[in-house]
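J.: Residue numbers (the UniProt record's numbering): 1 to 412. The C-beta atom is built at its ideal place from N, Cα and C for all residues, glycine as well. Structure below; questions to follow.
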């Protein structure tokens with residue numbers, strides 16, 4: 001291979017030989033420069049020195065699983081201990097409650113027994129314990145002494161007796177206890193989302209002051225109090241009074257009463273409240289549609305007034321006017337008597353008809369219609385004390401069971 005290349009190179013012209021030599025020299029210089037540049041850019045590789053005290057440790061899966069297992073086991077044991085402690089506290093609380101219930105039952109039985117003794121003593125005519133036995137009923141007129149046999153008393157109605165002074169004092173103490181145990185909740189100024197259950201047509205003008213309509217709302221969420229505090233009034237009902245205003249074309253609601261019932265049906269809240277209602281756009285008052293039906297009535301009144309004027313003019317045309325030194329004299333032509341009657345009748349009837357249509361137009365005042373199922377915000381602008389009254393109004397049968405239990409204990 002090399003020999004063949006030599007022979008070809010020797011057989012070439014001198015000029016071509018020189019060109020080939022120059023090309024080879026240039027290529028050699030380029031290769032040498034490239035290798036020199038590469039060797040200069042290469043930095044000596046330094047071996048990483050291991051820092052004393054630090055070793056790279058590869059985690060082992062077995063150790064990690066064991067540590068997680070031990071940690072989880074310790075947490076479970078701590079939770080079990082806490083659960084045992086809470087169960088012991090719950091047992092102690094239940095025991096205290098049962099003891100209190102037993103004491104209350106014993107007190108109730110004692111009161112029932114004392115009431116039975118008083119009733120029996122009153123039936124037999126014996127003095128009640130605690131009252132001085134110095135009073136006895138006078139014998140009937142013409143009757144015998146107390147040693148004679150008494151007649152069997154007749155029952156003329158329900159059993160009842162007058163309360164003795166001791167019983168009156170006891171009843172007053174019970175009333176005081178009852179009033180003292182009455183619970184109440186203070187509701188400060190707050191706001192709450194609600195649903196408008198009933199739609200309405202709010203009157204405007206003077207009718208809004210004399211004949212306002214009512215609206216019915218249902219609270220649908222927790223009441224938002226100051227400082228991000230919330231109070232549970234969900235499901236309560238609110239009654240409001242509605243008046244329309246043509247200036248802003250809105251129906252303004254004024255809150256009247258708030259009513260709530262406990263889930264067990266044993267207590268109720270029914271209080272007067274003050275506030276207003278805000279629409280979804282954040283403005284006071286509910287946006288509605290202004291509706292008026294007085295246009296046709298006013299047009300009829302206008303036509304009736306026009307007929308009245310025509311009748312009066314027709315009546316005046318039946319008179320003859322004569323001008324004298326003292327003034328004008330109006331005389332009736334006997335031939336125009338019919339025209340006078342027709343004109344006066346048309347004028348009088350048209351006047352009465354115009355008044356009738358005007359009265360109807362006054363009654364057909366503009367109203368602002370608002371539909372039901374509208375999302376609003378109820379705002380209580382004044383704090384109120386909500387008194388929780390003890391009444392059995394249904395719901396769950398908890399209050400009914402309690403009432404039946406008391407009656408059975410009393411033997412009624």
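Report back the beta-carbon spacing between residue 386 and residue 271 to the nearest angstrom; my notes put them in contact at under 8 Å.
T.: At roughly 5 Å, the Cβ-Cβ gap stays under 8 Å, so residue 386 and residue 271 are in contact.
J.: Using the rule of at least 16 other Cβ atoms within 10 Å of the residue's Cβ for burial, across every protein chain shown, is residue 324 buried or exposed?
T.: Exposed: under 16 other Cβ atoms inside 10 Å.
J.: Could you tell me the boundaries of the beta strand (DSSP E) in which residue 2 lies?
T.: Unbroken run through residue 2 is the alpha helix (DSSP H), 2-11; no beta strand (DSSP E).
J.: Going by the DSSP bridge assignment, what does residue 108 pair with across the sheet?
T.: Answer is none; residue 108 lacks a bridge partner.
J.: How would you label residue 2, buried or exposed, when you count the other beta carbons within 10 angstroms and need 16 or more for buried?
T.: When all chains shown are included, residue 2 counts as exposed.
J.: Which whole-angstrom value describes the C-beta separation of residue 312 and residue 347, a residue pair presumed to lie in contact below a C-beta threshold of 8 Å?
T.: With 8 Å as the limit, residue 312 and residue 347 qualify as a contact, their Cβ atoms being about 4 Å apart.
J.: Using the Cβ count rule (16 or more neighbours within 10 Å means buried), how would you classify residue 331?
T.: Exposed is the call here.
J.: State the Cα-Cα distance for the pair residue 342 and residue 308, rounded to the nearest angstrom.
T.: If you take the alpha carbons of residue 342 and residue 308, they lie about 12 Å apart.
J.: Taking residue 240 as part of the beta strand (DSSP E), name the residues at either end of that continuous run.
T.: Unbroken beta strand (DSSP E) run through residue 240: 237-245.
J.: Let me know if residue 20 comes out buried or exposed under the rule of 16 or more other beta-carbons within 10 Å of its beta-carbon.
T.: Classification of residue 20: exposed, given that the 10 Å Cβ count is below 16.
J.: Quick check: what's the CA-CA separation for residue 153 versus residue 120?
T.: Caution is warranted here: a pLDDT of 46 is assigned to residue 153, below 50, making its placement in the model unreliable, and the coordinate value is therefore given only provisionally. Distance between the alpha carbons of residue 153 and residue 120 is about 14 Å.
J.: Check whether the Cβ atoms of residue 240 and residue 215 sit closer than 8 Å, and answer yes or no.
T.: Result yes, Cβ atoms of residue 240 and residue 215 sit closer than 8 Å.
J.: Kindly provide the ranges of any beta strand (DSSP E) runs that are 3 or more residues long and lie completely inside the stretch 307-377, ordered along the chain.
T.: DSSP runs (the beta strand (DSSP E)) wholly in the stretch 307-377: 319-323, 328-332 and 367-370.
J.: To the nearest angstrom, how far is it from the Cα of residue 230 to the Cα of residue 379?
T.: Straight-line Cα distance between these residues: approximately 14 Å.
J.: Using the beta-carbon count (16 or more within 10 Å), is residue 72 buried or exposed?
T.: Result: exposed.
J.: Using 8 Å for Cβ pairs, my map puts residue 217 next to residue 194. What's the rounded Cβ distance?
T.: Confirmed, about 5 Å.
J.: Quick one: give me the first and last residue of the beta strand (DSSP E) that residue 273 is part of.
T.: Careful: residue 273 lies outside any beta strand (DSSP E) and carries neither H nor E.
J.: Whole angstroms is fine: what's the gap from residue 8's alpha carbon to residue 25's?
T.: The alpha-carbon atoms of residue 8 and residue 25 are separated by roughly 19 Å.
J.: For a quick check, are the C-beta atoms of residue 377 and residue 278 less than 8 Å apart?
T.: Contact: yes.
J.: Using the beta-carbon count (16 or more within 10 Å), is residue 200 buried or exposed?
T.: Result: buried.
J.: On the three-state DSSP scale, how would you describe residue 300?
T.: Helix at residue 300.
J.: Taking the alpha carbon of residue 283 as the point to measure from, which residue in 252, 273, 93 and 333 has its own alpha carbon closest?
T.: With distances taken between Cα atoms, residue 283 lies closest to 252.
J.: Can you name the start and end residues of the beta strand (DSSP E) that residue 260 belongs to?
T.: Residues 250-261.
J.: Quick one, are the C-beta atoms of residue 255 and residue 275 less than 8 Å apart?
T.: Cβ atoms of residue 255 and residue 275: closer than 8 Å.
J.: Give every residue of the same chain whose Cβ lies closer than 8 Å to the Cβ of residue 157, excluding the five residues on either side of it in the sequence, and list them in chain order.
T.: Annotation note: pLDDT 33 at residue 157 (below 50); position unreliable, no value reported.
J.: Got a sec, what are the start and stop residues for the beta strand (DSSP E) residue 284 sits in?
T.: Segment: none, residue 284 is in no beta strand (DSSP E) and carries neither H nor E.
J.: Do you know offhand how far residue 320's Cα is from residue 314's?
T.: Roughly 13 Å separates the two Cα atoms.
J.: Which stretch, first to last residue, makes up the beta strand (DSSP E) that contains residue 195?
T.: Element bounds for residue 195: 190-196.
J.: Taking only three categories from DSSP, how would you classify residue 97?
T.: If DSSP states are grouped into helix, strand and coil, residue 97 belongs with the helices.
J.: Can you give me the start and stop residues for the beta strand (DSSP E) that residue 222 sits inside?
T.: Taken as a continuous stretch (DSSP letters only), residue 222 belongs to no beta strand (DSSP E), as it is neither H nor E.
J.: Just curious, the beta strand (DSSP E) that residue 212 is in, first and last residue?
T.: Per DSSP, residue 212 belongs to no beta strand (DSSP E) and is neither H nor E.
J.: With which residues is residue 385 paired in a DSSP beta bridge?
T.: According to DSSP, which records beta bridges pairwise, residue 385 is partnered with 186.
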